[in-house]
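J.: For reference, the structure I am asking about is given below.
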C-alpha cells in the first residue's frame with residue numbers, strides 16, 4: 022500500500038478532510054491520515070450539518086474559524102451542495118461502469134457460449150445468465166435518462182429523482198434474476214469441475230479484456246446493484262435541501278426503490294416456499310386431485326377446527342391448511358398422530374366469510390360456540406366450523422382476510438410461478454419419498470427447510486463493494502409451529 026493511502030476495514034469511521042476529488046478523498050482515522058477511494062465508503066446518515074457549521078480545533082486547543090480551517094485543510098466547498106455533487110457523480114459513474122460490465126457479460130460470455138452448441142444448450146445458458154440481457158437493455162435506457170437530467174455546469178442542481186420513478190416498474194425484472202442466481206451458482210459449480218469449461222470461461226474473459234474475477238463474481242453484480250440504489254438515494258436525499266426542486270422526487274424514488282428491493286425479497290421467499298409446500302403435500306397420505314401448487318404458492322395459516330356437515334350435522338375434528346385460493350382439509354391417523362390423510366379441499370375464490378354468534382344455528386340446527394361459516398356465492402353451499410377458543414376463531418377470521426389480501430397483491434404485482442418451477446418442486450419432493458417409509462412431518466425436517474441459503478461471495482471482490490439482499494424481518498409462521506406439534510412421539 023502507498024505511504025499516502027489510508028488503510029481501513031469494514032465498520033471504520035473515517036473523518037473526511039477533502040472531498041473535492043470525486044474518486045479519491047483525503048481522510049483521517051484516529052491519528053492516521055491519507056487518501057482512500059470514495060466508492061468504497063458510505064456517508065454516515067447522521068452527518069446532516071455541513072462542515073462550515075463546525076469550528077475545528079488547533080493543536081493548542083483554540084478553535085479555528087471554519088473558513089480558514091476549510092482553506093487550510095483543503096476542504097474547499099464541502100457543503101451540502103458539494104456533497105450532493107459527489108453523490109450524483111458517483112451514481113452516474115457507477116451506472117456507466119455497470120453498463121460496461123453488463124456489456125462484457127453479454128458480448129464476452131453469452132455471445133461466445135452461443136457459438137459453442139457442443140458445450141452449452143439454450144436451457145443451460147438461461148440457467149447461468151438468467152435474464153441479464155433484458156437487464157442490460159433496461160439499464161442502457163436508464164443511464165441515458167440519467168445523463169439527460171444531469172446538469173454539467175451545476176451538478177448539484179441536477180434533477181435525477183424522476184428517472185428512478187420512471188423506471189421503478191422496469192427494475193422489477195431483477196426479481197427473476199435474483200431468484201435464478203442460486204441456480205446459476207449451482208450450474209456453474211457443476212461445469213467448472215470440468216477443465217474445458219474452466220479454460221473456456223477464462224478465454225472469454227481475456228478476449229473481452231475483463232478484470233480478473235471469475236464468472237460467478239461477475240454474475241453477482243446485478244444482485245448487488247439493485248440493493249445499492251436505496252443506499253445511493255438515501256445519501257442523495259441527505260444532501261438535498263427540502264427547497265430543492267428534486268427533493269420530493271428523490272424522496273419518492275427512495276421509497277420506490279426500497280419497495281422494489283422488498284418485492285424482490287418477497288418473491289425470493291415465495292419461490293423458496295414452493296419447495297416446502299411440495300414436500301408438505303408429498304407427506305400427506307391418500308392425496309387426491311391436482312397438486313396444491315397448481316393454484317397456490319403461500320401457506321397463510323393452519324390449525325385444528327371442528328367441521329360440521331349437513332344433513333345430519335355430524336362433527337369431525339380436522340386439520341386445516343389455508344393457502345392462497347384454497348383450504349385443504351386433512352385427518353390425523355388414529356394411532357400415528359404424526360400421519361395426515363387427505364380428506365377434501367375448498368376453493369376460496371368465491372367464498373364469503375360469515376361470523377357466527379354463539380348459540381343455536383338455524384341453518385344446521387345445532388348449538389355452536391366460536392363458530393364461523395364459509396358461504397359460496399355461486400352454489401350457495403355453506404360450511405360450518407368451530408374453534409376451541411375465541412382467540413383461535415379470531416385468528417382464523419384474520420387469516421381469511423389475509424388470504425384475500427395476498428391474492429389481490431399477487432394480481433397487482435403480477436406474481437406467478439412458472440409451470441416448470443411447479444413441476445420441478447413436485448419432482449424433487451417425490452424423489453425424497455421413494456424410500457417407501459411412512460410419511461411423517463417432523464420438527465427436524467422443517468427446521469432444515471427453514472434455513473436460509475445465500476450465494477457464496479467471491480473472495481477476491483472487495484467486501485466494501487458487496488451489498489446483499491437483506492431478508493425482511495418476519496414473525497414466526499404459525500404453520501411451522503403447528504407442524505412441529507405433529508412430530509413423532511419419542512420414547
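Residue numbers (my numbering): 22 to 512.
We put the CB at the ideal spot given by N, CA and C, even for glycine.
(1) Starting from residue 50, trace the alpha helix (DSSP H) in both directions and tell me its first and last residue.
(2) For residue 289, which option in 369, 197, 217 has the closest C-alpha, if you only look at C-alpha atoms?
(3) With distances taken Cα to Cα, identify the nearest neighbour of residue 44 among 189, 53, 61.
(4) Look at the alpha carbon of residue 40 and the alpha carbon of residue 47, and state the distance between them as a whole number of angstroms.
(5) Note down, in chain order, each residue of its chain lying with its Cβ closer than 8 Å to the Cβ of residue 109, except the 5 sequence neighbours on either side.
(6) Quick check: residue 362 and residue 285, are their CB atoms within less than 7 Å of each other?
(7) Quick check: what's the CA-CA separation for residue 443 versus residue 449?
(8) If you reduce the DSSP assignment to three classes, tell me which class residue 417 lands in.
(9) How long is the line joining the alpha carbons of residue 315 and residue 298, rounded to whole angstroms?
(10) Name the one or two DSSP bridge partners that residue 436 has.
(11) State the Cα-Cα distance for the pair residue 309 and residue 352, rounded to the nearest angstrom.
(12) Just the C-alpha distance for residue 277 and residue 36, rounded to the nearest angstrom, thanks.
(13) Quick one: what does DSSP say residue 28 is sitting in, helix, strand or coil?
(14) Would residue 320 pass as a contact of residue 344 if the rule is Cβ separation under 7 Å?
(15) Residue range of the beta strand (DSSP E) that residue 39 falls in?
(16) When the Cα atoms are used, what is the spatial distance from residue 164 to residue 116?
(17) Given residue 365, which residues of its chain have a CB within under 6 Å of its CB, disregarding the five upstream and five downstream residues?
(18) Among all the DSSP beta bridges, which residues are the ones paired with residue 347?
(19) Considering only their Cβ atoms, is the gap separating residue 406 from residue 335 smaller than 7 Å?
(20) Within its chain, find whatever has a CB closer than 6 Å to the CB of residue 151; leave out the 5 residues flanking it on each side and keep chain order.
(21) In three-state terms, what does DSSP make of residue 216?
(22) Closest to residue 231 by C-alpha separation, out of 34, 122, 186, 241, would be which residue?
(23) Quick check on residue 32: buried or exposed, where buried means 16 or more other Cβ atoms within 10 Å of its Cβ?
(24) Under a Cβ-count criterion, where at least 16 other Cβ atoms within 10 Å of its own Cβ denotes burial, should residue 330 be classed as buried or exposed?
(25) From residue 398 to residue 375, what does the alpha carbon distance come to, in whole angstroms?
(26) Just to confirm, is the Cβ distance from residue 392 to residue 403 under 7 Å?
(27) So what's residue 57 in DSSP terms, helix, strand or just coil?
(28) Can you check whether the CB of residue 279 is closer than 7 Å to the CB of residue 251?
(29) In this structure, does DSSP put residue 361 in helix, strand or coil?
(30) Quick one: Cα of residue 424 to Cα of residue 436, how far?
(31) Can the beta-carbon of residue 281 be found less than 7 Å from the beta-carbon of residue 192?
(32) Just to confirm the assignment: which complete beta strand (DSSP E) runs, minimum length 3, are found wholly within the segment 277-355?
(33) Whole angstroms is fine: what's the gap from residue 447's alpha carbon to residue 189's?
(34) Tell whether a beta-carbon distance below 7 Å holds between residue 237 and residue 209.
(35) Go ahead and pull the three-state DSSP assignment for residue 389.
(36) Can you check whether the CB of residue 160 is closer than 7 Å to the CB of residue 120?
T.: Reading off the structure:
(1) The continuous stretches of alpha helix (DSSP H) do not include residue 50, which lies in the beta strand (DSSP E) extending over residues 45-50.
(2) Comparing Cα-Cα distances from residue 289 to each of 369, 197, 217, the minimum goes to 197.
(3) Here the closest residue by C-alpha is 61.
(4) Looking at the two C-alpha atoms, the distance is approximately 7 Å.
(5) Cβ neighbours of residue 109 beyond the five flanking positions: 171, 176, 177, 179, 181, 257.
(6) In this structure, residue 285 does not lie closer than 7 Å to residue 362 by Cβ.
(7) The C-alpha of residue 449 is placed about 10 Å away from the C-alpha of residue 443.
(8) In this structure, residue 417 counts as helix in the three-state DSSP scheme.
(9) Separation of residue 315 and residue 298 (C-alpha to C-alpha, rounded to the nearest whole angstrom) is 11 Å.
(10) Note: residue 436 sits in no beta bridge, so no partner.
(11) Each residue's Cα considered, the two are about 14 Å apart.
(12) Rounded to the nearest angstrom, the two C-alpha atoms are 31 Å apart.
(13) The answer is coil: DSSP assigns residue 28 none of H, G, I, E or B.
(14) In this structure, residue 344 lies closer than 7 Å to residue 320 by Cβ.
(15) 36-39 is the extent of the beta strand (DSSP E) around residue 39.
(16) If I take the Cα positions, the gap works out to 6 Å.
(17) For residue 365, same chain residues with a beta-carbon under 6 Å away, outside a window of 5 residues either side, are 350 in chain order.
(18) Bridge partners of residue 347: 344, 368.
(19) By the CB criterion at 7 Å, residue 335 and residue 406 fall outside the cutoff.
(20) Same-chain partners within the cutoff: 198, 201.
(21) In the structure shown, the three-state DSSP call for residue 216 is helix.
(22) Checking every option, the nearest Cα to that of residue 231 belongs to 122.
(23) It is exposed - the Cβ of residue 32 has fewer than 16 other Cβ atoms within 10 Å.
(24) When all chains shown are included, residue 330 counts as exposed.
(25) So the two alpha carbons sit approximately 12 Å from each other.
(26) By the CB criterion at 7 Å, residue 392 and residue 403 fall outside the cutoff.
(27) Residue 57 falls in the strand class under three-state DSSP.
(28) Between residue 251 and residue 279, the C-beta spacing is below 7 Å.
(29) In the three-state reduction of the DSSP assignment, residue 361 falls in the strand class, which pools E and B.
(30) One Cα belongs to residue 424, the other to residue 436, and the distance between them is close to 15 Å.
(31) Contact: yes.
(32) List check, beta strand (DSSP E) in window: 320-330, 335-344, 347-353.
(33) When rounded, the distance between both Cα atoms is 34 Å.
(34) Cβ distance < 7 Å, so residue 237 and residue 209 count as in contact.
(35) Taken through DSSP and simplified to helix, strand or coil, residue 389 comes out as strand.
(36) Contact flag set, yes.
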